Structures are given as structure tokens and as C-alpha cells.
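Colleague:
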Amino acid sequence: MYRIALKMLFGDRAKYIGLVFGVAFSTLLINQQCGIFVGLISRAASVIDDTPEANIWVMDPGVKNLDTIFPLRDTELARVRGVPGVEWAVPYFKAMATVRTQTGELESALLIGADDNSLIGIPARCVLGDPFDLKRPDSVAVAKDAFGKVWRGEEISLGKTLELNDRRAVVVAVVEDLPKFTSSITFYTRYSQALQYTNNGRNQLSFILVKAAAANDPEAVARQIQAQTGLQALTSDQFRKKAIQYVIDNTGIPVSFATVIGLGIIVGVAVVGLMFNLFVLENLKHFAALKAIGIKNRRLLAMVLLQAAVVGLVGYALGLGAAATFFETAGRSPNFRGFYLPWQVAAASALVATFIMLLAALVALRRVLFVDAAIVFRG
Amino acid sequence: MPQSTSQPVASTPADASELAARCEGITKEFGSGQTRVQVLRGVNFSVRLGEMMFLVGPSGCGKTTLISVLAGLLTPNSGSLEVLGKSLNKLRGGRLVDFRAANIGFIFQQFNLLPTLTAAENAAVPLLGQYVSFGRAVKQAGEMLDRLGLQAHKHKYPSQLSGGQQQRVAIARSLVHSPRLVICDEPTASLDAETGQTVMKLLRELAVTPQRAVIVVTHDDRIYKYADRISSMIYGRIIDVTLQGGVASASALAGSPN
Ligand SMILES: Nc1ncnc2c1ncn2[C@@H]1O[C@H](COP(=O)(O)OP(=O)(O)O)[C@@H](O)[C@H]1O
Ligand SMILES: [Mg+2]
Chain A
48 MYRIALKMLF GDRAKYIGLV FGVAFSTLLI NQQCGIFVGL ISRAASVIDD TPEANIWVMD
108 PGVKNLDTIF PLRDTELARV RGVPGVEWAV PYFKAMATVR TQTGELESAL LIGADDNSLI
168 GIPARCVLGD PFDLKRPDSV AVAKDAFGKV WRGEEISLGK TLELNDRRAV VVAVVEDLPK
228 FTSSITFYTR YSQALQYTNN GRNQLSFILV KAAAANDPEA VARQIQAQTG LQALTSDQFR
288 KKAIQYVIDN TGIPVSFATV IGLGIIVGVA VVGLMFNLFV LENLKHFAAL KAIGIKNRRL
348 LAMVLLQAAV VGLVGYALGL GAAATFFETA GRSPNFRGFY LPWQVAAASA LVATFIMLLA
408 ALVALRRVLF VDAAIVFRG
Chain B
1381 MPQSTSQPVA STPADASELA ARCEGITKEF GSGQTRVQVL RGVNFSVRLG EMMFLVGPSG
1441 CGKTTLISVL AGLLTPNSGS LEVLGKSLNK LRGGRLVDFR AANIGFIFQQ FNLLPTLTAA
1501 ENAAVPLLGQ YVSFGRAVKQ AGEMLDRLGL QAHKHKYPSQ LSGGQQQRVA IARSLVHSPR
1561 LVICDEPTAS LDAETGQTVM KLLRELAVTP QRAVIVVTHD DRIYKYADRI SSMIYGRIID
1621 VTLQGGVASA SALAGSPN
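Residue numbers (the working numbering), protein chains in the order written: chain A, 48 to 426; chain B, 1381 to 1638.
In C-alpha cells, the structure reads:
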């Protein structure tokens, strides 16, 4: 009977394709939108992820994200270094700067100043040049994606000069970093150099990056720092969550994505539900004939569930494949860089596909179970 | 095989063991209150193994309702009903479905073939219902189609077949699992006269065996000659049963309508 169920399904080509397309469409939409959403909001914390060496971030108690910063006094660095369990602590500078591109246009850029000695804060992956050349005066490293935005259409190269806040800068290294939420151009330099570009003297410490000693629990060390200095100290994980939560709470991004995803599910349920019902309805007299001939309800139920399962599975596979293709191809563009398809999203959309098919099958099943076999003799 | 059925069936009153179905005082009504209609008004009816019984009467007199009751598709409001030695009133749910699957074959006016299955697959459905493997069921159904002269059409879909061919597939489906009671509702009503004759001739030859009874509902008097007995029904009652001696006359008359 299962063979018959499948032949019934595949034999009705138009409806089968429509059903599969409905599920695939929902799956694609959910995965694509969720993937972009996750990718987009994790950019709010990409600065943290660019600096895996540190596991605690120390900042002004009022800081809620990585963009609104109140500088600390220079003396705080020494106080943090004095907290037990701190292996090392280095200064970290982060501010917006204005750059003039080679065509004369102005762009805002993120300027990050890393500890002069250790260069902690400079992304580890260097694609051209040597980060240690940052020790030279007026030198900066530029993010690979940013290079093309400042020097349009040019291959990445070293020795390029530009105006950063009206001051000359020379590119000595090209690094690969994670895309940022607020700006698409990032320059990296030494802490002391960054202060010169921003023309601010002392007490410009945006963050203090701390590494907890190996034997210590970073959370405990963070609490200790907080207690001892009165500053806010968060582990990288805590800060990442806080920064992302800020975006979720304070922007329309989650709502707009949720709307699209919700529409995807509704369209999926409506299209698939209606079409599956139509499919079953058109086959109702055949189901009634099968009933009359002596096929039990239990087996008719299994047939319908099998049909639903096949539609769900094929549709899901196609939708997921399409989403994966999207992230593989479109994902290569810098604007989508770092976007991926989290397995949790794929799993959740499998549940949604199951839900859609179950709902469709349930409504259709009612018809099949309650159809009166006696109708076989009626026109 | 066809020859085996060309012996006239004894028309002497049969004892109970030879009865395929017997019902007494069957009533059936539909709806309730204002819309209540009584369709069967105390039907006494019996059919013997080895005979082809026609059930005739004007449209709306309750023929279809009666065979639905006999097949266990409708529950009568009152009366006793025995089919193949089983009291159908006492069978419920799954047991009743199993009983139908094992013992009853159906032929419908509208053929009711699944459009996405081939002829052989359609004819195999009752076997699949009894958990025969797909390959074996289709093979067995194919053999039945051979006997109905459909050798060349086994793998065609219903839409590729003529009405007569489709009804022959339906005959194969009704017989493939060797049921002991075959119930046909207006089997020739959707066919032209000539095709109707061919189909009835095949049905007569293949379906009627000593261990099986065939009930044919019709109001097409051009096929009466294929009947062994004819029960006439009017307004919810059987009013008359006449002997037709169908086998002998059917062989003689086959192919020459009227
Ligand atoms: N499910 C039903 N509900 C109400 N009336 C019905 C139903 N089935 C049949 N009838 C009525 O019962 C009568 C007999 O119908 P039927 O048995 O189909 O007659 P026949 O097959 O002799 O033409 C008709 O008047 C029909 O309208
Ligand atoms: Mg009728």
C-alpha cells in the first residue's frame, strides 16, 4: 500500500511539485533569514571575537555595547593589573575616525588601537605585510574588506597612504577580521598611535583587555576586578551576549526578521495545507474505494502520513540545499561575509517543516478517516 | 476456465449452507425528523453460491442502499443479515473491514480506478490490502488481466484505456483475491450497449463459479439474459424473484444484443 501511496503522490505531478515547493520555500526563507539575522547580530560582538587572546573586558560601569564608550583613566590599567588572578592586562582603544578615500569621498571608519608592546587586539590573520611593522610611525593595518572600499577596484597592496582624521597614515599590513556591525572599514594601529590620530591626550582608555591566569575561573576574576576597581568587568562570553542583547532590545532588526520568517511559515502552512487538502480531497473517492475494498483506516492513515512525510522531507532537503547554496555564493560578498547557516537553525526549520506537514496531514486525515466508504456507489 | 461456468446452476431451492447472503426484514432510513427518508422497507433477499443474481428496479428504489448494506458499508436500522455464514450485524470496525477485504469484490459504475496506477497495479489493490507483496500481487493481477483479454494493456494507465477496458480492469480487481461474493452496481451503465455486452459476458464467464455468488444491480434490460435469477425491487421492497436460467441463454445470446 505504501507503493500505492507514493504513486498517488508522484502521479499528481503538479500538486506534488507545488507541495514540495511550498515546504522548500518556507525552509529556504527560514534558514536564509535566520542565517543572515544571526550573522548580522553577531557582528555586534565581532570586535570581541577578533581578540580571542583576552577573556575579560574591563570598561566603564555604564557601557552596554561596543559602540558607546566612556574612556577610563590611564591609572585604571595598573589597578586592574593588581587584581589577583589577572595574568595580564593591556589597554585597548576604539573610536570612529573619518577617512578620505582616494576619490576624495569621506567615509567613517573604525579605528582600533592595540597595546604597543604585545599588539593584542590586532587580528591574528595577516594576509599581507607584517603587523610588527605597526611599530613604525604613522603606520596602520587595514582590514582586507576595507581596502577595496578605500582604494576602489585595487588589489590589496602595502605602502598605500591615506588621510585618517586629517593625518597621514601608511598601510603596512592587511589583516582579515570579522565584519563589524556599525562600520565597514576598520583600521588597526598601536594604542599610542591611535591617540595621535584622534588628537586626544590622556585618559582615553576604551577598554582594558585582561587574561585571567590559567588556574582561575575568568568569571571569578571578573567579579574580583569589579569588586576591587568599581569598574565593569565581563568575560568575553558575557560581553558578547550583552552587546548582542543590546541590538536585539534596541533595534527593529529582530522584529523585521521575525516578520519575514513568520510570513514564510504562514505562507508555508497556508500553501502546503491548502494544496495537501486539495490533493487528499481529489483522491477522497479513491480513499473511499480503498476503504470499501477492505483497507483499514490505520493503513490509510499511514498512507497519508507517508505522503506528507515524503513531501516534507523532499521540500526540506531542497529548501536547505537552496539556503546552503545562498550562503556559499552570496555569502562570498563582503556585505554578507561571516554569514552562515547555523545547524540550530537548520534543525529548527526541520521542526517547522514537520509542523507544517503534520498540520496539513491532520486536516487531510480527518477527511480520509471519516469519509463514508458507502459513497463509492454514489456518482 | 470459461467453460467451467457454462453449466446451468441448479435452480432448486438451496439449503442454508449454499446461501451466500440472506437478509430478512431489512430496513434502512436516512436522516432524522423532517428530513427522514425510509429507503429500505423490510427487504427479504437471498443469493446462492454459484449464481448470478440481478437486482433490478426503478431509479431511487433502494438498490444501491441494499447492496451497501449487504457489503457491510451501511448498517441497517433493523433486520437480520447473514453474509457467507457471518452475521454482519455483529461484526464491527476492523473485523468488518477484514471481512470485506477477504470475502467481497466490488465493481462500480464509474470504475473507480486510481488514475496514477497502471491497470495491473489497480487490479492488485485487494491483494495489497491483504499484505501480499507488491511484486506478487501485480503478477497475480496481471494473470487475471490476461484472462480478461488485457494482455497488451497491463502497464497502461486508466486514462489510456477505453471505458470497456477500464471496466475489465475493475472486474480483474474484483476477482483477483478470489472473493466469495462479488457486488456490482450498474456495471454497464457507463458503457455503450455493445461494450456492455462484452463486459457482462466476461463477468459471467469469469466471476460465476460454484463457490461464489455475484450480485449485479442494473436497470439495463438488455443484459438481463446473463442473470440466473432476477430480484425486482420497488419502493424499498423486493416484490418478485424470477428465474432466468442465465447461463445457458447467456452463452447462446452473447454478442447479439436483444
Ligand atoms: N446517504 C443518504 N442520505 C439520504 N438519502 C439517501 C442517502 N442515500 C440514498 N438516499 C436516498 O435513498 C433513495 C434510494 O437510493 P438508492 O439506494 O441509491 O437507489 P437506487 O440505487 O435504486 O437508484 C433515494 O431516494 C436516495 O435519494
Ligand atoms: Mg443506484
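Each residue gets a CB set at the ideal place from its N, CA and C atoms; glycine is no exception. Small disclaimer: the values here were computed from a predicted structure and weren't measured.
Assign leucine 1586 of chain B to buried or exposed, taking buried as 16 or more other Cβ atoms, counted over all protein chains shown, within 10 Å of its Cβ.
Modeller: Here the question's residue 1586 of chain B lines up with position 206 in the second sequence. That one is buried.
Colleague: Mind the definition here: the segment 1436-1456 of chain B touches the segment 1399-1413 of chain B only if three or more C-beta pairs lie below 8 angstroms; say whether that holds.
Modeller: Yes, they touch.
Colleague: What are the residues that DSSP puts in a beta bridge with tryptophan 135 of chain A?
Modeller: By one-based count along the first sequence, residue 135 of chain A stands at place 88. DSSP lists A/Lys258 as partners of tryptophan 135 of chain A.
Colleague: Tell me which same chain residues have a C-beta within less than 8 angstroms of the C-beta of arginine 90 of chain A, skipping the five on either side of it?
Modeller: Here the question's residue 90 of chain A lines up with position 43 in the first sequence. Answer for arginine 90 of chain A: Leu225, Pro226, Lys227, Phe228 and Gly385, listed in chain order.
Colleague: Say yes only if the C-beta of lysine 332 of chain A is nearer than 7 angstroms to one or more non-hydrogen atoms of ligand 2, and no if none qualify.
Modeller: Stepping through the first sequence from its first residue, residue 332 of chain A is reached at position 285. No; taking the cut-off as 7 angstroms, the Cβ of lysine 332 of chain A has no heavy atom of ligand 2 nearer than that.
Colleague: Could you name the residues of chain B that lysine 289 of chain A contacts, counting a contact when the two beta carbons are closer than 8 angstroms?
Modeller: Taking the first residue of the first sequence as 1, we reach residue 289 of chain A at position 242. Chain B residues near lysine 289 of chain A: none, gap ~58 angstroms exceeds 8 angstroms.
Colleague: Could you tell me whether the segment 152-170 of chain A touches the segment 292-302 of chain A, where touching means 3 or more Cβ pairs closer than 8 angstroms?
Modeller: No contact exists between the segment 152-170 of chain A and the segment 292-302 of chain A.
Colleague: When you compare the CB of arginine 414 of chain A with every CB in chain B, is at least one pair closer than 8 angstroms?
Modeller: Along the first sequence, read from residue 1 onward, the residue named residue 414 of chain A stands at position 367. By this cut-off, arginine 414 of chain A is not an interface position.
Colleague: According to DSSP, is glutamine 1418 of chain B helix, strand or coil?
Modeller: Residue mapping note: residue 1418 of chain B aligns to position 38 of the second sequence, counting from 1. Looking at glutamine 1418 of chain B - three-state DSSP - the assignment turns out to be strand.
Colleague: Would you be able to state if there are at least three C-beta pairs under 8 angstroms between the segment 1603-1612 of chain B and the segment 1575-1586 of chain B?
Modeller: Touching, per the Cβ criterion.
Colleague: Quick check: phenylalanine 258 of chain A and glutamate 123 of chain A, are their CB atoms within less than 8 angstroms of each other?
Modeller: By one-based count along the first sequence, residue 258 of chain A stands at place 211. By one-based count along the first sequence, residue 123 of chain A stands at place 76. The sequence given here places lysine at residue 258 of chain A; phenylalanine does not occur at that position. Result no, Cβ atoms of lysine 258 of chain A and glutamate 123 of chain A do not sit closer than 8 angstroms.
Colleague: Do we get a CB-CB distance below 8 angstroms when we pair asparagine 1638 of chain B with the residues of chain A?
Modeller: Your numbering for residue 1638 of chain B matches position 258 in the second sequence. Low confidence applies here, because asparagine 1638 of chain B scores a pLDDT of 39, under 50, leaving its location unreliable and the question unanswered by this model.
Colleague: Starting from serine 186 of chain A, trace the beta strand (DSSP E) in both directions and tell me its first and last residue.
Modeller: Here the question's residue 186 of chain A lines up with position 139 in the first sequence. Note, serine 186 of chain A: beta strand (DSSP E), 186-190.
Colleague: Could you tell me which of B/Gly1616, B/Thr1568, B/Gly1485 and B/Tyr1537 sits nearest to arginine 1560 of chain B, measuring between CA atoms?
Modeller: Stepping through the second sequence from its first residue, residue 1560 of chain B is reached at position 180. Nearest C-alpha to arginine 1560 of chain B: B/Gly1485.
Colleague: Closer than 5 angstroms between the C-beta and any heavy atom of ligand 3: which residues qualify, listed along the chain?
Modeller: Ligand 3 is not part of the structure shown, which contains ligand 1 and ligand 2 as its ligands.
Colleague: Return the bridge partner residues of methionine 350 of chain A from the DSSP annotation.
Modeller: Here residue 350 of chain A is taken as the residue at index 303 of the first sequence, counted from 1. In the DSSP output, where bridge partners are listed per residue, methionine 350 of chain A has none listed.
Colleague: Any idea what DSSP makes of arginine 384 of chain A, helix, strand or coil?
Modeller: Against the first sequence, residue 384 of chain A aligns to sequence position 337. Here arginine 384 of chain A sits in coil by DSSP.
Colleague: For alanine 1517 of chain B, count the other beta carbons within 10 Å of its own beta carbon; 16 or more makes it buried, fewer makes it exposed. Which is it?
Modeller: By one-based count along the second sequence, residue 1517 of chain B stands at place 137. Label assigned to alanine 1517 of chain B: buried.
Colleague: Taking the C-alpha atoms as reference points, what is the distance between valine 67 of chain A and tyrosine 1511 of chain B?
Modeller: Translated into positions along the first sequence, residue 67 of chain A becomes position 20. Translated into positions along the second sequence, residue 1511 of chain B becomes position 131. C-alpha separation (whole angstroms): 30 angstroms.
Colleague: What separation, rounded to the nearest whole angstrom, lies between the Cα atoms of arginine 214 of chain A and isoleucine 116 of chain A?
Modeller: Looking up residue 214 of chain A in the first sequence gives position 167. Looking up residue 116 of chain A in the first sequence gives position 69. Approximately 23 angstroms, taken between the alpha carbons.
Colleague: Which residue's Cα is closest to the Cα of arginine 287 of chain A: A/Ala267, A/Tyr238, A/Val105 and A/Leu205?
Modeller: What you label residue 287 of chain A is simply residue 240 of the first sequence in a count that begins at 1. Out of A/Ala267, A/Tyr238, A/Val105 and A/Leu205, A/Val105 has the C-alpha closest to the C-alpha of arginine 287 of chain A.
Colleague: On the DSSP letters alone, give me the boundaries of the alpha helix (DSSP H) that valine 1518 of chain B sits inside.
Modeller: Residue numbering aside, residue 1518 of chain B sits at position 138 when the second sequence is read from its first letter. Here the alpha helix (DSSP H) through valine 1518 of chain B covers 1514-1527.
Colleague: Give the single residue among A/Ser73, A/Asn112, A/Lys191 and A/Asp107 whose Cα lies nearest to the Cα of aspartate 284 of chain A.
Modeller: Within the first sequence, numbered from 1, the residue matching residue 284 of chain A stands at position 237. Of the candidates A/Ser73, A/Asn112, A/Lys191 and A/Asp107, the one whose C-alpha sits nearest the C-alpha of aspartate 284 of chain A is A/Asn112.
Colleague: If you measure beta-carbon to beta-carbon, which residues of the segment 1437-1459 of chain B are closer than 8 angstroms to chain A?
Modeller: Result list: Thr1444, Ile1447, Ser1448, Ala1451, Leu1453 and Leu1454.
Colleague: For glutamate 329 of chain A and valine 415 of chain A, what's the separation of their Cα atoms in angstroms?
Modeller: Stepping through the first sequence from its first residue, residue 329 of chain A is reached at position 282. Stepping through the first sequence from its first residue, residue 415 of chain A is reached at position 368. Whole-angstrom Cα-Cα distance: 11 angstroms.
Colleague: Throw me the rounded Cβ distance for the glycine 65 of chain A and glycine 362 of chain A pair, which I believe falls under 8 angstroms.
Modeller: Taking the first residue of the first sequence as position 1, residue 65 of chain A is located at position 18. Taking the first residue of the first sequence as position 1, residue 362 of chain A is located at position 315. Not really, about 10 angstroms apart at Cβ, beyond 8 angstroms.
Colleague: Any heavy atom of ligand 2 closer than 7 angstroms to the Cβ of valine 423 of chain A?
Modeller: For this step, residue 423 of chain A is matched to residue 376 along the first sequence. Every heavy atom of ligand 2 is 7 angstroms or more from the Cβ of valine 423 of chain A, so no.
Colleague: Taking the alpha helix (DSSP H) that aspartate 4 of chain A falls in, what are its first and last residues?
Modeller: The structure shown does not extend to residue 4 of chain A, since chain A is modelled only from 48 through 426, so no value can be given for it.
Colleague: Closest by CA to aspartate 163 of chain A, which one among A/Glu202, A/Val307 and A/Val137?
Modeller: Counting from 1 along the first sequence, the entry for residue 163 of chain A is found at position 116. Among A/Glu202, A/Val307 and A/Val137, the Cα nearest to that of aspartate 163 of chain A is on A/Val137.
Colleague: Less than 7 angstroms separating the Cβ of aspartate 1478 of chain B from some heavy atom of ligand 2?
Modeller: Position 98 of the second sequence, counted from the first residue, corresponds to residue 1478 of chain B. Every heavy atom of ligand 2 is 7 angstroms or more from the Cβ of aspartate 1478 of chain B, so no.
Colleague: Using a Cβ-Cβ cutoff of less than 7 angstroms, which residues in the same chain neighbour methionine 1432 of chain B once the five nearest sequence positions on both sides are dropped?
Modeller: Position 52 of the second sequence, counted from the first residue, corresponds to residue 1432 of chain B. Within the same chain, methionine 1432 of chain B has close Cβ partners Arg1584, Val1588, Val1594, Val1596, Tyr1606, Ala1607, Asp1608 and Gly1626.
Colleague: Ligand 2 and aspartate 1601 of chain B: does the residue's C-beta get closer than 7 angstroms to at least one heavy atom of that ligand?
Modeller: As a position in the second sequence, residue 1601 of chain B is number 221, starting the count at 1. No - ligand 2 has no heavy atom lying nearer than 7 angstroms to the Cβ of aspartate 1601 of chain B.
Colleague: Taking Cβ positions only, does leucine 1497 of chain B come closer than 8 angstroms to chain A?
Modeller: Walking along the second sequence from the start, residue 1497 of chain B turns up at place 117. Leucine 1497 of chain B counts as touching chain A.
Colleague: For the segment 1447-1512 of chain B, which segments carrying the alpha helix (DSSP H) assignment without a break, of at least 4 residues, lie completely within its bounds, in sequence order?
Modeller: The qualifying runs are 1473-1483 and 1499-1509.
Colleague: Thinking just about the alpha-carbon of each residue, which of A/Arg128, A/Leu398 and A/Ile103 is nearest to the one in alanine 267 of chain A?
Modeller: Residue mapping note: residue 267 of chain A aligns to position 220 of the first sequence, counting from 1. Nearest of A/Arg128, A/Leu398 and A/Ile103 to alanine 267 of chain A, Cα basis: A/Ile103.
Colleague: Determine the burial state of serine 1426 of chain B: buried for a count of at least 16 other Cβ atoms within 10 Å of its Cβ, exposed for fewer.
Modeller: In the second sequence, residue 1426 of chain B corresponds to position 46, counting from 1. Buried, because 16 or more other Cβ atoms sit within 10 Å of the Cβ of serine 1426 of chain B.
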